[in-house]
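There are 2 protein chains.
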Amino acid sequence: MSDRTEIPAQPFICGLDAALRVIGGKWKPLILFFLAKEPRRYGELKRCVRGVSDKMLIQHLKELEVDGVVLRTDYQEIPPRVLYELSPFGFSLADALVPLCRWGDENAEIIEKNLNAKRDS
Amino acid sequence: MSDRTEIPAQPFICGLDAALRVIGGKWKPLILFFLAKEPRRYGELKRCVRGVSDKMLIQHLKELEVDGVVLRTDYQEIPPRVLYELSPFGFSLADALVPLCRWGDENAEIIEKNLNAKRDS
DNA sequence: ACAAGTATGCACCTTTTAGTAAGTACCATG
DNA sequence: CATGGTACTTACTAAAAGGTGCATACTTGT
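Chains as they are written, first to last, in our numbering: chain H, 1094 to 1214; chain R, 1094 to 1214.
Written as structure tokens, this is what we have:
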């Protein structure tokens, strides 16, 4: 059994598919990356994730929040203070990402070269 | 040093970023998934990756090829016969993806639930 | 002779994703 | 009293990604 090349009619075909729904998004890897190190306030995070706009940062943070990956604490102060951090679920995701991060680190040059090749075609 | 929250001015910020350039694309996870099991002809692959269009399948295969992940063998026959398989580099990527796949498998239900929540907002 | 299978290519359109620029309400500092 | 910092929101626009459908050229099976 299960050597048949068939896909079940389900929301996700494989776990990878499911996982990529969570980390897919231009800035999400970086957000994960920085929050895995330590909790950060919104403004801090924005300075870490260089080049991200308010709109995208907020949007991605919201999505990661409903995905249960990120926890948001609003201290209800004025001026506002909001802390973002990874949930235990988020840390489990971060753990699962470690080998992929390493793979990317180790092969960054090759990947970059091919990225240019694609651009030129 | 390097406890500063700064990003180097480079093509990729972290390895995860780089890796996602390679596996990012609606059908790429599935292509990897099936090719990791065994080499397949184009038509076979298309039947595995249900719902994919010719255009997207070809496009993704080309990109994976220039990324060095997939090897393409054209037997120059008529009718055409073309075999796709993972390269050693591709297999190293597949290995790095194993934990993420598992994470996705284990949490598929949660992820799906939140996916619906996002849709409704 | 006609349909189906083989691996693609191409033109066009829609959907999704991302970016830009402005505004909000309040406070502290110069 | 204007400026800058706080954490956002909203409307509009641009770019990227994905989908549809038709065409190729040849062969095998009906």
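Note that CB positions come from ideal geometry on N, CA and C, so glycine has one too.
Query	Result
Contact set for residue 1097 of chain H: own chain, Cβ-Cβ below 7 Å, skip 5 residues either direction	Caution is warranted here: a pLDDT of 37 is assigned to residue 1097 of chain H, below 50, making its placement in the model unreliable, and the coordinate value is therefore given only provisionally. Counting only Cβ-Cβ distances below 7 Å, and skipping sequence neighbours, we find nothing.
Beta-carbon contacts of residue 1116 of chain R that lie in its chain and below 8 Å, excluding the five residues immediately before and after	1122, 1125, 1186 and 1190
Within chain R, partners of residue 1193 of chain H - CB distance below 7 Å	1109, 1112, 1189, 1190 and 1193
The alpha helix (DSSP H) enclosing residue 1168 of chain H, as first and last residue numbers	No alpha helix (DSSP H) contains residue 1168 of chain H, which DSSP labels as neither H nor E.
8 Å Cβ cutoff, residue 1094 of chain R in contact with chain H	Confidence in residue 1094 of chain R is poor, its pLDDT being 42 and thus under 50, which makes the residue's placement too unreliable to answer from.
From R:1146, R:1130, R:1105 and R:1178, residue whose alpha carbon lies closest to that of residue 1119 of chain R	R:1146
Simplified DSSP state of residue 1148 of chain H, which is helix, strand or coil	helix
8 Å Cβ cutoff, residue 1161 of chain R in contact with chain H	yes
Residue 1148 of chain H at chain R interface by Cβ criterion, 8 Å	no
Cβ contact check for the stretch 1196-1214 of chain R and the stretch 1103-1112 of chain H: 3 or more pairs under 8 Å	yes
Near-chain H residues of the stretch 1174-1185 of chain R (beta-carbon distance less than 9 Å), N- to C-terminal order	1182 and 1185
Contact under 8 Å by Cβ, residue 1138 of chain R with residue 1127 of chain R	yes
Reduced DSSP secondary structure (H/G/I, E/B, other) of residue 1159 of chain H	helix
Residue 1172 of chain R at chain H interface by Cβ criterion, 8 Å	no
Pair within 8 Å by beta-carbon distance, residue 1193 of chain R and residue 1177 of chain R	no
Cβ neighbour criterion (16 or more within 10 Å) applied to residue 1170 of chain R	exposed
Inter-residue spacing [alpha-carbon to alpha-carbon] between residue 1207 of chain R and residue 1168 of chain R	46 Å
Rounded Cβ spacing between residue 1134 of chain H and residue 1174 of chain H (contact assumed at less than 8 Å)	6 Å
CA-to-CA distance, residue 1162 of chain H to residue 1099 of chain R, given in whole angstroms	In this prediction, residue 1099 of chain R has a pLDDT of 37, which is less than 50 and means its spatial position is unreliable; nothing more can be read from the coordinates.
Selection from R:1149, R:1179, R:1142 and R:1205 that minimises the alpha carbon distance to residue 1131 of chain R	R:1179
Alpha-carbon to alpha-carbon, residue 1205 of chain R and residue 1142 of chain R	20 Å
Element boundaries [alpha helix (DSSP H), containing residue 1191 of chain R]	1181-1199
is_contact[residue 1136 of chain H, chain R] using C-beta, thresh 8 Å	no
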